[in-house]
Amino acid sequence: MFHRESGVFKTSYAADMALYPLPIAKWAVAALAGLFIVIVPLALDEYYVSILDLILIAIVGALGLNILVGYTGQISIGHGAFMSVGAYTAANLVVHLGAPFWVTIPAGGLMAALVGAVVGIPSLRIKGIYLAIATLAAQLIIEWTINHVPAISGGVQASIQVPRPSLFGTPLESQTQLYLFLMAFAVLAIVGTSNLARSRVGRAFIAVRDQDIAAEIIGISIFRYKLWAFAISSFYAGVTGVLYTYYLGIANYEQFQITVSIDYLAMIIIGGLGSVLGSIFGAAFVTLLPIVTRWFLESFGAFIFSQADLANIIPNLRLILFGSLIIFFLVVEPEGLNRLWRNVRNYFRVWPFSY
Amino acid sequence: MNKTTAAMFALAAGLSGALCLAGPAAAQQKEVVIGMQCDRTGPTQITGVVLCPAMHDYYDLINASGGVDGYKIKADEIDNEYKVPQAVEAYQRQKQEGAVLMTLYGTPMTVALNQRLEEDKIATTSPGFGIAAAADGSRYPYLFPIAATYWSQGAAAVKFVKDKLGGNLKGKKIAYVYYDNPAGKEPLPIIDELQKREGFELRTFAVPPPGVEVGAQILDITQRYRPDFVIAHLFGRSPAAAIKALKSNGYPLSKVVGLVWASSEADIQAAGGFAAAQGYHAMQFAGAGDNYPVRQQIKAMYKKEGREPIKLMDENTVYYNRGLLQAAIHVEGIRNALKLTGGAPPTGTDIKKGLEQIRGFTLDGLVPPLEITPTDHEGGGWVQIFQVKGGKFVKETDWFRAYRDVVEHALKTAE
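Top line first, the protein sequences correspond to chains A and B.
Per the working numbering, the very first residue in the first sequence carries number 43; after that it's consecutive.
Per the working numbering, the very first residue in the second sequence carries number 1331; after that it's consecutive.
This is the structure in structure tokens:
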């Protein structure tokens, strides 16, 4: 007989700590993993795989930012710059030492973590909008440094070409190969963040976010955990930068300017602060929305506008649509897509006996 | 289920429906697909809104007269908002739609996609964007700057200043004011080298992005340094701000030359109009003004179809003509490629070879006497200088280039 559990009843600490509170979640994740790791790369055309590649990179960055903003309650408008720190670290290692990707990716992450921790120092004294300005300054300082120090930027062009990553001697060139490469790191980032959130460190982050004075009183070192949050978050950003560098084959600081920092903030706010699934939703949403709105306009715009006007209307209307959809989703569910998804899921869990 | 959730479902269903409808169009017979990336909305949209329609106009003109040897040109335009992820997605989509020739927009996007171009073998033009070293076709086989690079522009500017100052630069003072990003700094090694050769005194003034605050630098130039000539390499809103500031500080604009992105009608208008900017020298890699037959042909085409050309065609001839130059080079490249293939559909490699055979194609003076070869993808590095005089741009020099040995040396030793 087909039946479902009538609720979530936890009877042990282990059950409370479990990643998947219900067996169905486990099966769903396994099915999704199978779909995206096995079926998608085999079935999809290269173009669609390339879009997924961009989403995977964005997922790593969004998760990192969510650790800082969503879990720890600090803010950073400097994540674009942390990505460029990772990118240039990796590019220099590749060009000067011929380092393989399994060295450059952690190295880029660590360097970004170091810089991020230093940038995080003001967070010990200032909060909220003041901290935002401090990190904004970091973004500009890092950009300026890369632009003006040839030892980092590799010359006046400030761009360093990097060969594609190779695994067992085979360079990963096609979009599908890169997809699997990026998928490995995205999965690591997802698993890492989900586990971080329910570890001692993660709980300390959440305590700092909810009320830092109370957290200090119960014995959490604010100093240590705020800097940890900045370091871990910047580590993710650095890895994102390295992945971008490998994906494009070039490190260039103009790819990591302030608009990128803002885009990532948009991702986690739309997706849902303080949730892993939300970061994934947000990364996918912000990456796909411009593409989908363009497809939509290209398909239906011709009924309203002439072809010559369309070329000019599509990009502009796309921006308007992009902005209004973000507002729409936030008005419908201020807690982000993750909450929206939970609402839908909960509705169907008790269907047809909704109350 | 409440109403909003229902609305979400409806929206999701609608969007996925749109996705299914918008599948890639099947490639048709006798058609060459060109992938165009534009920026009609991003920070440089001031250029994109003129340049891209101009390219479409030229393709329409060619298609209206039967296409290129029977092949129609299909220009697939995607706006990249001056963002790298969008540019990557646009590139993949255009590749999927069978584009064998592309045009990229913006330096970060050009460098980001360069490696893909080589892997996928798609010939690509990027006039005024990307890196000067890309002029070397043996190192960047699929990237064609086709217009004068910043190195050539810097060299030409020094030559122009030399001519203006009586043929000798010894002991003269030149100020180089530039936008503080990689593109802005690019001509510096060339100008430094020429300083040693010509013996002039050089001082550089960096304008930090976004470049609208130029007051301090201009004051420094006009009141303290007092140079004999100013070379301005600025982008976006900053050329206009610089022209205004120079004017209000009483510096004669006839002693200022702007490189190619400080040289459009839009810059002059934003600086207070042509009357205010009287005397300013503007460097061009395509002819400026309305005085070219191809423009009359496009206007005639519009008249015949009973439509109106875009207003900016006459309001911003500089960028419009640059669009024409780019489209015309594309068409010539395809024409040459079709000769090579004997009428079979050309591949990206064929078009690369076609572009490398462009010689003596001037479009009645709008295009410089380019000579693109497998090693020189810049086509020689020709520029023209126009001066603001009597309410319009007046041609001051013919196509010229200068100090090729310095530029070629820089190309050879580039990293």
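In this text, a Cβ means the ideal position worked out from N, Cα and C, and glycines have one as well.
Coil, strand or helix - residue i by DSSP
i       : result
A/P213  : strand
B/Q1714 : strand
B/T1454 : strand
B/R1731 : coil
B/E1449 : helix
A/G294  : Just to set this straight, residue 294 of chain A is Asn in the shown sequence, not Gly. Here A/N294 sits in strand by DSSP.
A/Y278  : helix
A/L173  : helix
B/G1588 : strand
B/A1420 : helix
A/R240  : coil
B/I1364 : strand
B/R1689 : strand
B/D1409 : strand
B/Y1401 : strand
B/T1371 : coil
A/V145  : helix
B/T1705 : coil
A/S208  : strand
A/Q203  : strand
B/I1461 : coil
A/I168  : coil
A/L363  : helix
A/V198  : coil
A/M225  : helix
B/D1493 : helix
B/D1466 : strand
A/V50   : coil
B/Y1480 : helix
Residue of the options minimising C-alpha distance to residue i
i       : options                               : result
B/G1365 : B/K1633, B/P1704 and B/A1657          : B/A1657
B/T1647 : B/G1619, B/G1458 and B/Q1483          : B/G1619
B/A1605 : B/V1718, B/F1730 and B/G1458          : B/V1718
A/P148  : A/E375, A/A180 and A/T131             : A/T131
A/I188  : A/M125, A/R387 and A/N385             : A/M125
B/V1379 : A/I262, A/G162, A/G378 and A/I355     : A/I355
B/A1570 : B/V1724, B/D1558, B/K1634 and B/V1544 : B/V1544
A/V91   : A/F223, A/F51, A/A104 and A/G244      : A/F223
B/P1475 : B/R1446, B/Y1610, B/G1436 and B/V1507 : B/G1436
B/L1564 : B/S1594, B/S1578 and B/G1514          : B/G1514
A/T218  : A/P83, A/F265, A/V71 and A/S366       : A/P83
B/S1584 : B/G1636, B/D1597, B/R1567 and B/A1612 : B/A1612
CB-CB length for residue i against residue j, believed under 8 Å
i       : j       : result
B/G1580 : B/T1552 : 7 Å
B/Q1422 : A/Y89   : 5 Å
B/G1484 : B/I1520 : 4 Å
B/P1373 : B/F1615 : Rounded, the Cβ-Cβ distance is 21 Å, inconsistent with contact.
B/I1681 : B/L1391 : B/I1681 to B/L1391, Cβ: 20 Å. No contact.
A/D87   : B/Q1367 : Not confirmed; about 20 Å, so no contact.
A/T177  : A/I117  : 7 Å
A/I93   : A/I333  : 6 Å
B/G1396 : B/P1704 : Between B/P1704 and B/G1396 the Cβ distance is about 30 Å, and since that is not below 8 Å, they are no contact.
B/V1537 : B/Y1508 : 7 Å
A/L379  : A/G324  : 7 Å
B/I1664 : B/V1363 : Actually they do not touch by this definition, with Cβ atoms about 11 Å apart.
Chain-ordered chain C contacts of residue i [CB-CB under 9 Å]
i      : result
A/E215 : Chain labels in this structure do not include chain C; the protein chains are A and B.
**OP:** Check each residue of the region 77 to 91 of chain A: if its Cβ is closer than 8 Å to any Cβ of chain B, include it; give the result in chain order.
**Re:** When C-beta distances to chain B are compared with 8 Å, the residues of the region 77 to 91 of chain A below that value are D87, E88 and Y89, in chain order.
Original post:
Closer than 9 Å, Cβ to any Cβ of chain A: which residues of the region 1481 to 1510 of chain B, in chain order?
Top reply: Cβ contacts with chain A come from D1510.
Subject >> Residues from the region 1360 to 1394 of chain B in contact with chain A, defined by Cβ distance under 8 Å >> reply: Listed in sequence order: C1368, R1370, T1371, V1379, C1382, P1383 and H1386.
**OP:** Below 8 Å between beta carbons is the criterion; list the residues of the region 1438 to 1470 of chain B that meet it against any residue of chain A, in chain order.
**Re:** Answer in chain order: P1438, V1441, A1442, L1443, N1444, Q1445, R1446, E1449, I1461 and A1463.
Subject >> Segments assigned alpha helix (DSSP H), at least 4 residues, entirely inside the region 1502 to 1542 of chain B >> reply: Under the rule that a run must span 4 or more residues, the alpha helix (DSSP H) segments found entirely inside the region 1502 to 1542 of chain B read 1512 to 1515 and 1518 to 1528.
Original post:
Taking the runs of the alpha helix (DSSP H) that are 4 residues or longer, which of them lie wholly in the region 84 to 119 of chain A?
Top reply: List check, alpha helix (DSSP H) in window: 88 to 108.
**OP:** Below 8 Å between beta carbons is the criterion; list the residues of the region 1692 to 1714 of chain B that meet it against any residue of chain A, in chain order.
**Re:** Result list empty, no residue passes.
**OP:** Ignoring anything shorter than 4 residues or poking outside the region 287 to 338 of chain A, list the alpha helix (DSSP H) runs there in chain order.
**Re:** As far as the region 287 to 338 of chain A is concerned, its whole alpha helix (DSSP H) runs of at least 4 residues are 300 to 313.
Subject >> Unbroken stretches of the beta strand (DSSP E), 3 residues or longer, contained in the region 1587 to 1664 of chain B >> reply: If we require 3 residues or more, the beta strand (DSSP E) runs fully inside the region 1587 to 1664 of chain B come out as 1611 to 1614.
Original post:
Using Cβ-Cβ distances below 8 Å, what residues of the region 345 to 363 of chain A are close to chain B?
Top reply: Listed by position, the residues of the region 345 to 363 of chain A near chain B (Cβ gap below 8 Å) are A350, A353, N354, I356, P357, N358, R360 and L361.
**OP:** Using a Cβ-Cβ cut-off of less than 8 Å, give me the residues of the region 1393 to 1419 of chain B that come near chain A, in sequence order.
**Re:** Hits within the stretch, in order: E1407, I1408, D1409, E1411, K1413, V1414, P1415, Q1416, V1418 and E1419.
**OP:** Please name the residues in the region 315 to 329 of chain A whose beta-carbon is closer than 8 Å to at least one beta-carbon of chain B, in chain order.
**Re:** Per Cβ criterion, the list reads T329.
Original post:
Listed from N- to C-terminal order along the chain, which residues in the region 1514 to 1529 of chain B have their beta-carbon within a distance smaller than 9 Å of any beta-carbon of chain A?
Top reply: Going along the region 1514 to 1529 of chain B in chain order, one finds K1515, E1516, L1518 and P1519 with a Cβ nearer than 9 Å to chain A.
Subject >> Residues of the region 181 to 192 of chain A with Cβ closer than 7 Å to any Cβ of chain B, in chain order >> reply: Contact annotation: in the region 181 to 192 of chain A, residues whose CB is within less than 7 Å of a CB in chain B are N189.
Subject >> Under 9 Å (Cβ pairs) to chain B, residues found in the region 102 to 122 of chain A >> reply: Sequence-ordered contacts of the region 102 to 122 of chain A with chain B are nonexistent [C-beta pairs closer than 9 Å].
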